Amino acid sequence: MRNSEFILNKKGKNKEFSAYKVFKQLLSYVQNERKRLIFGIFCSLFNAVFYVLGSIYIGYVFRNYFEVIFTNSDPNYAIANFDVFHFCIDLIILGGAFILYGIFRYIESVIYIRISYNQATRMRQEVMEKLIKMPISYYDKQKAGDLISTMINDINNVSNTLMNTLNQFFSSFFNVVISICIMFMISSVLTLIAVPMSLILFGLSLLVIRRAQPYFVKVQDCFGKMNAFVEENIANIKVTNSFDREKLVFDQFKLITQEIKRTAYKGDLTARSVDPWFGFTSYFVNLAVSAIAVAFYFAKIKVYGMSYFGANADGTASGGLIITFVALNWNFMGPFNTLLNINFSLQVGIASSNRIFKLLNLNPNKDHTEDIFLEKINGEIEFKNVFFRYSKKSKKYQLNDASFTVKPGQTVAIVGPTGAGKTTIVNLLSKFYDYESGSITVDSHELRHIDTENLRNLVSVVLQDSFLFNDTIKWNLTMGNEKITDEEIKEAAKLTGAEHFINQFPNKYETKIENNGTNLSQGQRQLLNITRAILANRNMLILDEATSNVDSQTEKVIQNSLLKLMENKTSFIIAHRLSTIKNADMILVVDNGYIIERGTHKELLNRKGFYYNLYSSSFK
Numbered sequence: 001m002r003n004s005e006f007i008l009n010k011k012g013k014n015k016e017f018s019a020y021k022v023f024k025q026l027l028s029y030v031q032n033e034r035k036r037l038i039f040g041i042f043c044s045l046f047n048a049v050f051y052v053l054g055s056i057y058i059g060y061v062f063r064n065y066f067e068v069i070f071t072n073s074d075p076n077y078a079i080a081n082f083d084v085f086h087f088c089i090d091l092i093i094l095g096g097a098f099i100l101y102g103i104f105r106y107i108e109s110v111i112y113i114r115i116s117y118n119q120a121t122r123m124r125q126e127v128m129e130k131l132i133k134m135p136i137s138y139y140d141k142q143k144a145g146d147l148i149s150t151m152i153n154d155i156n157n158v159s160n161t162l163m164n165t166l167n168q169f170f171s172s173f174f175n176v177v178i179s180i181c182i183m184f185m186i187s188s189v190l191t192l193i194a195v196p197m198s199l200i201l202f203g204l205s206l207l208v209i210r211r212a213q214p215y216f217v218k219v220q221d222c223f224g225k226m227n228a229f230v231e232e233n234i235a236n237i238k239v240t241n242s243f244d245r246e247k248l249v250f251d252q253f254k255l256i257t258q259e260i261k262r263t264a265y266k267g268d269l270t271a272r273s274v275d276p277w278f279g280f281t282s283y284f285v286n287l288a289v290s291a292i293a294v295a296f297y298f299a300k301i302k303v304y305g306m307s308y309f310g311a312n313a314d315g316t317a318s319g320g321l322i323i324t325f326v327a328l329n330w331n332f333m334g335p336f337n338t339l340l341n342i343n344f345s346l347q348v349g350i351a352s353s354n355r356i357f358k359l360l361n362l363n364p365n366k367d368h369t370e371d372i373f374l375e376k377i378n379g380e381i382e383f384k385n386v387f388f389r390y391s392k393k394s395k396k397y398q399l400n401d402a403s404f405t406v407k408p409g410q411t412v413a414i415v416g417p418t419g420a421g422k423t424t425i426v427n428l429l430s431k432f433y434d435y436e437s438g439s440i441t442v443d444s445h446e447l448r449h450i451d452t453e454n455l456r457n458l459v460s461v462v463l464q465d466s467f468l469f470n471d472t473i474k475w476n477l478t479m480g481n482e483k484i485t486d487e488e489i490k491e492a493a494k495l496t497g498a499e500h501f502i503n504q505f506p507n508k509y510e511t512k513i514e515n516n517g518t519n520l521s522q523g524q525r526q527l528l529n530i531t532r533a534i535l536a537n538r539n540m541l542i543l544d545e546a547t548s549n550v551d552s553q554t555e556k557v558i559q560n561s562l563l564k565l566m567e568n569k570t571s572f573i574i575a576h577r578l579s580t581i582k583n584a585d586m587i588l589v590v591d592n593g594y595i596i597e598r599g600t601h602k603e604l605l606n607r608k609g610f611y612y613n614l615y616s617s618s619f620k
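Residue numbers (the working numbering): 1 to 620.
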């Protein structure tokens with residue numbers, strides 16, 4: 001297999017990621033911010049500690065200042081012995097604990113938000129870097145809108161999942177652990193009653209939430225389909241309107257949106273139903289635990305707790321101990337509910353992560369190394385017994401046993417009927433695809449081993465469909481290369497005749513091109529495309545139907561410019577018009593994937609073969 005195929009890591013399997021694996025992989029993404037993450041975790045620990053301490057201190061205040069009121073029969077005793085000063089001090093300490101909880105809670109939120117947005121940016125950059133390095137064959141099988149949906153919607157979902165997970169998981173986890181530890185010290189018996197009930201309730205809720213995960217996966221896939229559908233139809237809106245297919249397109253769009261609504265409704269209904277159910281049942285669990293704790297108090301049952309928290313000498317509970325335990329139990333259930341919400345967020349994150357990680361794990365499947373870097377191309381090209389097909393499943397080859405040699409500086413014209421394999425030859429030469437067998441050499445170097453980026457920096461390509469970026473004319477001509485001077489730009493534009501219409505714009509070369517050149521004619525766009533190739537000034541040139549979108553009058557303007565452009569350059573011209581084909585050093589005649597004739601224009605006409613018939617019918 002060659003780089004016309006692509007693979008996924010882990011033996012190419014598109015695995016579904018469990019909540020644990022997503023959480024683990026998301027955490028692996030923050031390794032480069034380890035210090036910030038550790039600081040955030042410490043803030044989570046401290047906010048949990050101060051929250052639990054505040055809950056404990058409520059029991060302490062009750063035990064020291066109010067329990068005596070209920071236990072002493074003398075009504076004047078409490079008034080006479082109430083320590084107002086220390087009571088105020090304890091209230092300040094209690095308030096301080098909750099204030100510190102709020103401060104650390106705020107700091108951890110700021111840290112985790114920054115981490116999540118940093119990682120979303122990093123993830124987008126890595127996905128984009130991966131996509132621009134994928135072979136063209138990958139995009140033959142993908143929908144642009146689906147990839148855009150992954151870049152925007154899915155990464156936003158994962159960013160939110162990461163933010164919610166970091167922001168809530170650690171503080172909730174520490175809260176639960178600290179609460180359980182303190183509850184054991186307060187009363188091991190009551191804790192052994194309360195904790196299992198809560199864990200069973202939490203486990204059942206998790207099972208229900210996870211049943212919703214397949215729906216979220218399907219929803220994200222549907223969003224990808226919708227984006228692809230919208231992108232395709234907006235790009236081809238003229239065709240839709242020309243054939244009066246607006247109603248059909250809208251009906252198809254309605255079907256997609258209805259599917260999203262049904263699937264999202266089922267997923268949300270399943271997952272969100274847990275929240276009221278958990279809230280309702282946890283409320284009764286808390287009431288049951290509170291009732292049991294109060295029963296222990298009145299029945300004088302031993303609670304096996306520490307005297308510091310209010311356990312009496314005989315092992316029974318004081319009123320302060322019961323209040324502290326009940327407060328911690330309610331506090332203990334809150335983080336469980338938070339953890340459930342995190343799991344709900346993870347289900348959405350899992351669905352999006354599956355799509356993102358499929359892109360992040362993509363790699364061109366190369367069975368060769370690209371270790372050759374060329375400073376320049378002399379232009380000696382050789383195809384030797386080259387076979388190629390766009391799909392490995394197809395029995396038909398787009399190029400069959402192709403062999404030819406081009407000397408430096410020669411111009412080669414490739415002609416033939418539609419679908420014959422003309423563009424395939426230059427696609428292979430540009431490394432848009434990799435040949436299946438045979439050999440292609442550039443200056444005696446095997447094409448496969450030449451670094452792709454290095455090769456493309458040495459070759460200028462002018463395609464039939466010109467593409468312009470939403471930037472200025474100047475930027476499009478230079479492609480951001482600041483080394484090209486304004487004088488060189490104007491000289492190249494003069495050479496192609498593009499300066500005529502450029503100077504008609506108020507801002508001239510600083511004119512902003514709109515939406516791939518909608519403010520330009522097809523001919524003007526192609527003139528800019530050719531001017532761009534002249535400015536690139538590379539030793540090898542590929543013209544793929546370069547003037548097919550240019551009218552006859554405009555073609556005459558640029559014909560001489562193209563001849564000058566091709567001087568001392570190895571040039572490949574596909575189905576160019578008569579004048580350039582006649583001047584070619586060699587013409588390759590391609591039909592059904594085979595090179596059936598080769599020679600100069602005069603030689604091929606004298607043979608009176610396929611080219612003679614093609615010339616007589618099409619070029620005459």
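Virtual Cβ for every residue (Gly too), placed ideally from N, Cα, C. Remember, it's a predicted structure, so these values are computed and weren't measured experimentally.
Cβ pair residue i, residue j closer than 7 angstroms
i, j, result
"residue 621", "residue 246", "Since the displayed the chain opens at 1 and closes at 620, residue 621 lies outside it and no answer follows."
"residue 625", "residue 528", "One cannot answer for residue 625 here, as it falls past the ends of the chain, which runs 1 to 620."
"residue 402", "residue 426", "no"
"residue 400", "residue 599", "no"
"residue 168", "residue 338", "yes"
"residue 60", "residue 101", "no"
"residue 382", "residue 405", "yes"
"residue 588", "residue 595", "yes"
"residue 118", "residue 348", "no"
"residue 532", "residue 477", "yes"
"residue 171", "residue 44", "yes"
Outcome for residue i when other beta-carbon atoms lying within 10 angstroms are tallied against a minimum of 16
i, result
"residue 154", "buried"
"residue 613", "exposed"
"residue 412", "buried"
"residue 129", "exposed"
"residue 479", "exposed"
"residue 398", "buried"
"residue 544", "buried"
"residue 248", "exposed"
"residue 416", "buried"
"residue 175", "buried"
"residue 481", "exposed"
Boundaries (first-last residue) of the alpha helix (DSSP H) holding residue i
i, result
"residue 456", "452-456"
"residue 538", "Here residue 538 belongs to no alpha helix (DSSP H), and DSSP marks it neither H nor E."
"residue 150", "That residue, residue 150, is in no alpha helix (DSSP H); it is neither H nor E in DSSP."
"residue 96", "84-133"
"residue 499", "499-502"
"residue 474", "473-478"
"residue 613", "610-614"
Where the beta strand (DSSP E) containing residue i begins and where it ends
i, result
"residue 396", "No beta strand (DSSP E) holds residue 396; DSSP gives it neither H nor E."
"residue 599", "594-599"
"residue 375", "It is not in any beta strand (DSSP E) - residue 375 carries neither H nor E in the DSSP assignment."
"residue 427", "Counting along the chain, residue 427 falls outside any beta strand (DSSP E), though it belongs to the alpha helix (DSSP H) covering 422-429."
"residue 493", "Per DSSP, residue 493 belongs to no beta strand (DSSP E); it is in the alpha helix (DSSP H), 486-496."
Nearest residue (CA-CA) to residue i, options the options
i, options, result
"residue 289", "147, 320, 254, 328", "328"
"residue 143", "223, 192, 90", "223"
"residue 58", "469, 323, 297, 563", "323"
"residue 54", "95, 610, 193, 526", "95"
"residue 566", "552, 540, 582, 553", "540"
"residue 453", "198, 133, 569", "133"
"residue 287", "255, 333, 258", "333"
"residue 463", "428, 484, 423", "423"
"residue 35", "115, 446, 590, 373", "115"
"residue 470", "456, 514, 504, 486", "514"
Contacts around residue i, its chain only, beta-carbon distance under 6 angstroms, and the 5 residues preceding and following it disregarded
i, result
"residue 15", "At residue 15, the pLDDT of 47 sits below 50, so the modelled position is not reliable; the number obtained from the coordinates is stated separately. So the list is empty, once near-sequence residues are dropped."
"residue 378", "408, 443"
"residue 519", "none"
"residue 609", "597"
"residue 297", "317, 322"
Distance cut-off 6 angstroms: residue i Cβ against heavy atoms of the ligand MG
i, result
"residue 446", "With respect to the ligand MG, the structure shown offers nothing to examine, as it has no ligands at all."
Same chain, Cβ closer than 8 angstroms to residue i, five either side skipped, listed in chain order
i, result
"residue 345", "160, 161, 164, 165"
"residue 193", "289, 292"
"residue 180", "191, 195, 332"
"residue 607", "597, 599"
Cβ neighbours of residue i in the same chain (closer than 7 angstroms, five flanking residues each side left out)
i, result
"residue 538", "458, 459, 460"
"residue 227", "145, 146, 148, 149"
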